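Remarks on the structure that follows.
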Amino acid sequence: MIPGTHRYEVAVLIGPGRSDVLEVVVVVGAGESTEVPIDVGFDFTEIFDITVNPDNPNGTPRYYCTDSANGQIYGLDEDFLPLAVIASPFEDGIPCTGIAFVGTGDADNGSLIVGNGQSGVQMHLMEITLAGEFIRDLFVFIPTPALPTAKAFPGPVEGRAGGMAFGSESGTVYITGPDTCDIYGMSHEGNGETDPDSSFEHPNEGSQQKGCTTKQCAQSNGFIGCTETLYLTSQTDDGTLEIIEVSVEAGEATQIGEGISLAGIEDPGGIVFEGDTFIVTGNSDGSVYQVQSTGNFVRGDANGDSLVDIGDPITILGVLFNSEPASECLAQLDSNDDNQIDIGDAIYVLNFLFQDTAQPPAPFPDPGPDPTPSAVTPCP
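Letter 334 of the sequence shown, counting from 1, is numbered 335 in my numbering, and no numbers are missing.
Quick look at the structure:
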């Protein structure tokens, strides 16, 4: 998809054989529009959570989102066109809320873990195949603590499941409790037992959360790695909604950097993160929004010292050929802005410095956001 803000009008057909149409705005990132008919059996849709299969085969859903009002799961392609409708695995009248794609589930065929939206009972998750077939139940509980100083009391976790995520590096499923300010982590290979080291209270007091996703580790030519972190919906002291990044260690969450404002979204729900873009569901309006997230940087400043000099091509060559660590902001290394990190970037800076050729594309020479963001060379 061409970068930018793409506005989609989704025509929701209410009931078979009727002409009623509810237009829902789906902002995916000016100008292009299309109408997509989604045949649903009720007169209201509420997209609660969303998850992504980053390696989906051609012709299969990339995104899966839950409709807590209709009790359905929609499989959508890269342009949010519907490819499949999966019935809720829960009984009629029980909302399906959180959802997480697990690439290693169902014997590496991929599976979905879906949250039960019923309050006042033990938190209940269900794992299903990508076709909607039942695999197993998971009832979330806190085990007996190994130490008497453990903060959480053992026993069943009560309340509906909120937004969910799966960390492919750790094998951990994360579940937010919208009735509380807690996020519960548990092993996908387990039986619903929470892990005290990956379960934590939301770092911002008073935040009831629906959105949760793990950070996709950046990969470029196989030389970049990252530590698994989480993105959560949150709110500031003045009530502004935002997305924050947190690291979790020994059951404590620490916010990393500044939050990303969601002030333009009335009721943000589930989130996924790809490259430098957040996809956020509008929980109560049946909409999906794309929020561009890019940090400030100077193009060509590969070593991050705020100067473009001989040290930068040396850094690029070291990353490419000596397995040296690279900045998390890969766009800094992409000196010629071709969305690749290769020897051409080092040559571009050398020519600029010593042959008086064109300067690196924006942002240069002053730091700023990437005007041509790419999932291949993100700058979170």
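Heads up, the beta-carbon is just placed ideally off N, CA and C, and yes, glycines get one too.
Here the structure is a predicted model, which is why all the values come from computation and not from measurement.
Along the chain, where does the beta strand (DSSP E) containing residue i start, and where does it finish?
i    : result
A166 : 165 to 168
V377 : Unbroken run through V377: none, as it is neither H nor E.
L242 : 242 to 250
F279 : 278 to 283
L113 : 112 to 117
D306 : Segment: none, D306 is in no beta strand (DSSP E) and carries neither H nor E.
D68  : 64 to 68
Just verifying my parser: in three-state terms, what is the DSSP assignment at residue i?
i    : result
G345 : helix
E355 : According to the sequence as given, residue 355 is Phe; it is not Glu. Residue state, collapsed to three classes: helix.
P204 : coil
Q333 : helix
D50  : strand
V292 : strand
F365 : coil
I257 : strand
D183 : strand
G193 : coil
V273 : strand
A88  : strand
V350 : helix
V338 : It is worth fixing the name first, because residue 338 is Asp in this sequence and not Val. D338: coil per DSSP, three-state reduction.
F154 : coil
A132 : coil
A327 : coil
E229 : coil
V299 : coil
S199 : coil
On the DSSP bridge assignment, give the partners of residue i in chain order.
i    : result
H125 : F140
P83  : L77
S235 : E243
S188 : T173
A162 : Paired residues: none, contrary to the question.
So residue i and residue j are supposed to be a Cβ contact under 8 Å. How far apart are they, rounded?
i    : j    : result
D50  : M165 : 6 Å
P364 : F298 : 6 Å
G260 : I272 : Wrong, their Cβ atoms sit about 13 Å apart, outside the cutoff.
A101 : F167 : 4 Å
L126 : L139 : 4 Å
T282 : C66  : 6 Å
E134 : E229 : Wrong, their Cβ atoms sit about 29 Å apart, outside the cutoff.
V141 : G193 : 5 Å
G118 : I95  : 7 Å
N54  : G111 : 6 Å
What are the boundary residues of the alpha helix (DSSP H) that residue i is part of?
i    : result
G94  : Element bounds for G94: n/a, residue is neither H nor E.
I266 : Where I266 is concerned, there is no enclosing alpha helix (DSSP H), given that its DSSP letter is neither H nor E.
I315 : 312 to 322
D109 : 106 to 109
Please classify residue i as buried or exposed, where buried requires at least 16 neighbouring CB atoms within 10 angstroms.
i    : result
I143 : buried
L308 : exposed
D357 : exposed
S120 : exposed
D335 : buried
G383 : No information on residue 383 is available, as it lies outside the stretch 2 to 381 that the chain covers here.
R137 : exposed
L82  : exposed
S375 : buried
D302 : buried
P197 : buried
S235 : buried
V174 : buried
S89  : buried
N337 : buried
A162 : buried
A31  : In this prediction, A31 scores a pLDDT of 28, lower than 50, which makes its location untrustworthy; no coordinate-derived value is stated.
D371 : buried
P381 : buried
V122 : exposed
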